[in-house]
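Enquirer: Below is one structure. I have some questions about it.
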Amino acid sequence: MTNLKYLIFLGCTIPYRVSSYEVSARKVLPKLGVELVEMPDFNCCGLPVDPVNHEFSLALSARNLCLAEQQNLNIVTLCTGCATTLRKTNKMLKEDKRLRETVNGYLKGIGMEFKGTIEVKHLVQVLKEDVGLDKIKGAVQRPLTELKVAEHCGCHLLRPQKYSGFDDAEDPHVLKELIELTGARCLDYADEAECCGYTVVAIDEKVSLSLAREKLHHIKEAGAQAIVTICPSCHLMFDMQQSRIERVFGETFNLPVLHYTQLLGLAMDMSPEELALKELRVDPTKILKTTTSSIDSDS
Amino acid sequence: MTEKAVGSPKNFEPTRLDPSFKHEVMRERDGETLKTCFQCGTCTSSCPTARFSSSYRPRTVLRMAQLGLREKVLSDNALWLCTACFTCTDRCPQGVEVASVLRVLRNLAVKHGIVPLIYKELTSSIKETGYAYKIPELRHKKREEAGLPPLPKANLADVSKLIKLTGAAKLLKKRRTHQ
Chain A
37 MTNLKYLIFL GCTIPYRVSS YEVSARKVLP KLGVELVEMP DFNCCGLPVD PVNHEFSLAL
97 SARNLCLAEQ QNLNIVTLCT GCATTLRKTN KMLKEDKRLR ETVNGYLKGI GMEFKGTIEV
157 KHLVQVLKED VGLDKIKGAV QRPLTELKVA EHCGCHLLRP QKYSGFDDAE DPHVLKELIE
217 LTGARCLDYA DEAECCGYTV VAIDEKVSLS LAREKLHHIK EAGAQAIVTI CPSCHLMFDM
277 QQSRIERVFG ETFNLPVLHY TQLLGLAMDM SPEELALKEL RVDPTKILKT TTSSIDSDS
Chain B
50 MTEKAVGSPK NFEPTRLDPS FKHEVMRERD GETLKTCFQC GTCTSSCPTA RFSSSYRPRT
110 VLRMAQLGLR EKVLSDNALW LCTACFTCTD RCPQGVEVAS VLRVLRNLAV KHGIVPLIYK
170 ELTSSIKETG YAYKIPELRH KKREEAGLPP LPKANLADVS KLIKLTGAAK LLKKRRTHQ
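What follows is the structure, given as structure tokens:
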């Protein structure tokens, strides 16, 4: 049996603005047999500074990997940006001796050395590969059969494919499988694998909001009642920025955006309070009524 | 798709071409793949930003880099519009690490003194807190109320050393910025 003990790498965006994701993940994962160990004195994964200094990004990333090596535990991340960065650095340093020497040169300055003894996975990978779909299905007590949602798995769970080696970036299906385990229907929509635009919001807001707006249109047209995300940045874009998009473009979407861990938690019969649903900007009350009615019709 | 000429003929000055530029790019990690770009345009037609921006076209950036239009490539604001979604990289039939070449070009722009303000802020926050954002005290309190474990304090001595060793300290100095 797979050992389900991981160091949890929180990253920066979740503690800064998206704690509902962390709260719900910490509620749901132990019930699936996942043990989360706190990661001491970690730092930013390095992704935000990669565009301006690749070496600094690698060094930050590698330092986090060394912390996990010291504890001899694999890492699970909730953020796809942290996942792609730590996973990529880990693979590059394991495979490229010259790069490892360079980065170890930096790490020597802080008394660390990358050895390449651990793995990094995103939550979705852990759920699919380590926990297993059967176990998740077994934990569902209140199937959300009345609910129709759309998934947005974002870019960094899957891309670049060379480093993720997971799912299919052109036709992602793992998150859909996970959603359908909750009883909810996961609808197809146009350009599902497209970027939400978050990373350029501080550079060109119009471009950034236009990308998210287009996705909101496609999702609404497909008839979804809510969006399900697995990344704090994508969540910020669709949830926190939704009212801004509505103002800028003079449109109304009113589409609640749930973290997958919240959706799963509801299906596991946890309360909206436990799962921090009140922290969502777009009020999810109307979909909660749907889930409640499905509960009533079940019983 | 139609690709609006970013470097239109009237801006094209052969005397401003710098043949050494492509070598500078190709010396960097993943930059070497620049040489295999044969301008098919798969990157631009796959690019989410290109659909909404009138200035950012990855194919054009790569061609300008191959030709040696150093100044034009490095000083263009559009360089910072790549969302790093890596769709171009995954789809390139020539194996060009398009998004990573873009990263190399951005890193070079920084060496030429061009840094958008947001990246200075991110770097300074990492230096001061270990996190990319300065997490307000209120957030720490809310964590406690929500029953979440306290956020660990980052090892700032380590982070500062890495900033020095990797040359990231330059990002914190006052210099020309975009935006």
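Chains as they are written, first to last, in our numbering: chain A, 37 to 335; chain B, 50 to 228. Idealized CB from N, CA, C, for every residue including glycine. Predicted model, so just to flag it, every value in this text is computed and none were measured.
On a CA-only basis, which of A:P179, A:L247, A:K124, A:L46 is nearest L114 of chain A? Give me that one, please.
Expert: A:L46
Enquirer: Tell me the rounded alpha-carbon separation between L223 of chain A and L252 of chain A.
Expert: 13 Å
Enquirer: Just checking: is the beta-carbon of P97 of chain B within a distance shorter than 8 Å of some beta-carbon in chain A?
Expert: yes
Enquirer: Within the continuous alpha helix (DSSP H) that includes N140 of chain A, where are the two ends?
Expert: 133-144
Enquirer: Assuming N10 of chain A contacts A217 of chain B (C-beta within less than 8 Å), just tell me the rounded distance between them.
Expert: What is shown of chain A runs 37 to 335, which leaves residue 10 of chain A out entirely.
Enquirer: Can you list, in chain order, the residues of its chain whose CB lies under 6 Å from that of G90 of chain B, leaving out five sequence neighbours each side?
Expert: R108
Enquirer: Where do the N-terminal and C-terminal ends of the beta strand (DSSP E) with Y42 of chain A fall, by residue?
Expert: Counting along the chain, the beta strand (DSSP E) containing Y42 of chain A begins and ends at 41-45.
Enquirer: Mind checking G174 of chain A: buried by the 16 CB within 10 Å criterion, or exposed?
Expert: exposed
Enquirer: Can you tell me which of the three DSSP states T153 of chain A falls into?
Expert: DSSP, reduced to helix, strand and coil, places T153 of chain A outside both helices and strands of the structure shown, so it counts as coil.
Enquirer: For chain A, check one thing: does any of its Cβ atoms lie closer than 8 Å to the Cβ of V122 of chain B?
Expert: It does not: the Cβ of V122 of chain B has no partner Cβ on chain A nearer than 8 Å.
Enquirer: Buried or exposed for R99 of chain A, going by 16 or more other Cβ atoms inside 10 Å?
Expert: buried
Enquirer: For E58 of chain A, return the contacting residues in chain B, with the cut-off set at a CB-CB distance below 9 Å.
Expert: R192, A195, L197
Enquirer: Measure the alpha-carbon distance for Y234 of chain A versus K183 of chain B and round it to whole angstroms.
Expert: 19 Å
Enquirer: By Cβ distance, which residues of its chain are closer than 6 Å to D334 of chain A, with the 5 residues on each side in sequence left out?
Expert: Caution is warranted here: a pLDDT of 45 is assigned to D334 of chain A, below 50, making its placement in the model unreliable, and no coordinate value can be reported.
Enquirer: With a 10 Å radius around its C-beta and 16 neighbouring C-beta atoms as the bar for buried, classify Q107 of chain A as buried or exposed.
Expert: exposed
Enquirer: Using a Cβ-Cβ distance cut-off of 8 Å, determine whether A217 of chain B contacts chain A.
Expert: yes
Enquirer: Measure the alpha-carbon distance for P196 of chain A versus C86 of chain B and round it to whole angstroms.
Expert: Cα to Cα, the separation comes out at about 18 Å.
Enquirer: Can you tell me which of A:V318, A:E230, A:L316 puts its alpha carbon nearest to the alpha carbon of F188 of chain A?
Expert: The identity of residue 188 of chain A in the sequence shown is His, whereas the question assumes Phe. The closest CA to that of H188 of chain A, considering only A:V318, A:E230, A:L316, is found on A:E230.
Enquirer: Along the region 148-171 of chain B, where does the CB come closer than 7 Å to a CB of chain A? Name the residues.
Expert: Contact annotation: in the region 148-171 of chain B, residues whose CB is within less than 7 Å of a CB in chain A are R152, R155, N156, V159, V164, P165, I167, Y168, L171.
Enquirer: If the criterion is Cβ atoms closer than 8 Å, does the pair V185 of chain A and I266 of chain A meet it?
Expert: no
Enquirer: Output, in sequence order along the chain, the residues in the region 109-135 of chain B whose CB is closer than 7 Å to any CB in chain A.
Expert: W129, L130, T132, A133, C134, F135
Enquirer: Can you look up K222 of chain B in the DSSP assignment and give me helix, strand or coil?
Expert: coil
Enquirer: Compare the C-beta of P66 of chain A against all C-beta atoms of chain B and say whether one is closer than 8 Å.
Expert: Cβ-Cβ to chain B under 8 Å: no for P66 of chain A.
Enquirer: Helix, strand or coil: which one does DSSP assign to I281 of chain A?
Expert: helix
Enquirer: On the three-state DSSP scale, how would you describe H192 of chain A?
Expert: coil
Enquirer: T172 of chain B and V237 of chain A: beta carbons closer than 8 Å?
Expert: no
Enquirer: Going by the CB atoms, is the gap between P76 of chain A and P201 of chain B shorter than 8 Å?
Expert: yes
Enquirer: Measuring only between beta-carbons, confirm whether C118 of chain A sits less than 8 Å from chain B.
Expert: no
Enquirer: Here's the rule I'm using: 16 or more other beta-carbon atoms within 10 Å means buried, otherwise exposed. How should N126 of chain A be labelled?
Expert: When all chains shown are included, N126 of chain A counts as buried.
Enquirer: Step through the CB atoms of chain B and report whether any lies within less than 8 Å of the CB of L163 of chain A.
Expert: no
Enquirer: Any beta carbon of chain A sitting closer than 8 Å to that of L138 of chain B?
Expert: Correcting the residue type first, residue 138 of chain B is Thr in the shown sequence and not Leu. Interface residue, yes.
Enquirer: For S269 of chain A, return the contacting residues in chain B, with the cut-off set at a CB-CB distance below 7 Å.
Expert: By Cβ distance, chain B contributes nothing, its closest Cβ being about 11 Å from S269 of chain A, past 7 Å.
Enquirer: Please state if the CB of A158 of chain B and the CB of L214 of chain B are separated by a distance shorter than 8 Å.
Expert: no
Enquirer: Tell me which residue opens and which closes the beta strand (DSSP E) that L72 of chain A is part of.
Expert: 71-74
Enquirer: For a test of the three-state rule: what should DSSP assign to E187 of chain A, helix, strand or coil?
Expert: Shown here, E187 of chain A sits in a strand according to DSSP, grouped into three states.
Enquirer: Would you mind sorting A206 of chain B into buried or exposed? The rule is 16 or more other CB atoms within 10 Å of its CB.
Expert: exposed
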